[in-house]
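S.K.:
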Amino acid sequence: MDRDFTASGPDELWVADITYVPTQEGYLYLAVVIDAYSRKIVGWEMAGHLRSELVLEALNMATGQREPEETVHHSDQGSQYTAIAFGERCKAEGVRPSMGSRGDCYDNAMCESFFATLECELIERDTFAHQSEARLSVFEFIEGWYNPERLHSGIGYQSPNRYEEEYHSRDHSHSAEPHSLVAA
-1 MDRDFTASGP DELWVADITY VPTQEGYLYL AVVIDAYSRK IVGWEMAGHL
49 RSELVLEALN MATGQREPEE TVHHSDQGSQ YTAIAFGERC KAEGVRPSMG
99 SRGDCYDNAM CESFFATLEC ELIERDTFAH QSEARLSVFE FIEGWYNPER
149 LHSGIGYQSP NRYEEEYHSR DHSHSAEPHS LVAA
């Protein structure tokens, strides 16, 4: 991908990664799938482990609520994304896996940007005593704030949901101009 997060519409390019959420009961891990066109979190999952099932569940959420057709799924080269089960699931869903260079966070800058936002706007503001609190807070952050409300400069100061709504309300009989997103 060469750090090119250009997409002319939803579900052309998804970017994915994993981060951790600290709690007093131990770490939870959050896997996300982000639509590069709108920056919408289209799939996510939290677990107390880093097995491949974590990213499979995030992918399942994305493919279950979207209609991927030749969607590119870009991630790092973590063992969860190189697992045979993950590759088979991508193939079954018509999703094409893509991976960045080993150890280069700039190859997945859009996910890193989301994780920085999550850290600044949620994790640093709260100490989670229980994993159940963290799960609920992350759910509310993604589904109640980030996707429907949070404005992004890279998409004209709109929320991801609103940006996709605008896309779907336009006439797409002519080829759309690609919208290039830079991680911000």
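Here our numbering is used: the first residue of the sequence shown is -1, the next is one more, and so on. C-beta: ideal position from N, C-alpha, C; glycine also.
1) Just the Cα atoms here: how many angstroms apart are Thr80 and Val70?
2) Express the C-alpha separation of Met44 and Arg133 in angstroms, rounding to a whole number.
3) On the DSSP bridge assignment, give the partners of Glu43 in chain order.
4) Identify, in the order they occur along the chain, each residue of the same chain with its Cβ nearer than 8 Å to the Cβ of Tyr27, setting aside the five sequence neighbours on each side.
5) Measure the CB-CB distance between Gln209 and Thr21 and report whether it falls below 7 Å.
6) Just the C-alpha distance for Asn159 and Ser167, rounded to the nearest angstrom, thanks.
7) Tell me which residues share the same chain as Pro146 and place their Cβ nearer than 7 Å to its Cβ, disregarding the 5 neighbours each side in the sequence.
8) Closer than 8 Å by C-beta to Phe139: which residues in its own chain qualify, once you throw out the five before and the five after it? Chain order, please.
M.R.: Looking at the coordinates:
1) Taking the sequence shown and counting its residues from 1, one reaches residue 80 at position 82. Taking the sequence shown and counting its residues from 1, one reaches residue 70 at position 72. Answer to the nearest angstrom: the Cα atoms are 15 Å apart.
2) Taking the sequence shown and counting its residues from 1, the one referred to as residue 133 is at position 135. Taking the sequence shown and counting its residues from 1, the one referred to as residue 44 is at position 46. Between Arg133 and Met44, the alpha-carbon positions lie close to 7 Å from each other.
3) Here residue 43 is taken as the residue at index 45 of the sequence shown, counted from 1. According to DSSP, which records beta bridges pairwise, Glu43 is partnered with Ala29.
4) Taking the first residue of the sequence shown as position 1, residue 27 is located at position 29. Excluding residues within five positions, the ones whose Cβ falls inside 8 Å are Ile16, Thr17, Tyr18, Val19, Met44, Ala45, Gly46, His47, Leu48 and Leu52.
5) Here the chain comprises residues numbered -1 to 182, so residue 209 is not present and cannot be evaluated.
6) Translated into positions along the sequence shown, residue 159 becomes position 161. Translated into positions along the sequence shown, residue 167 becomes position 169. For Asn159 and Ser167, the distance between alpha carbons rounds to 12 Å.
7) Position 148 of the sequence shown, counted from the start, is the residue given in the question as residue 146. Scanning its chain for C-beta atoms nearer than 7 Å, with the 5 sequence neighbours on each side dropped, one finds around Pro146 the residues Ser157 and Asn159, in chain order.
8) Looking up residue 139 in the sequence shown gives position 141. Cβ-Cβ distances below 8 Å link Phe139 to Leu116, Glu119 and Leu120 in the same chain, with the five nearest sequence neighbours on each side left out; the list follows chain order.
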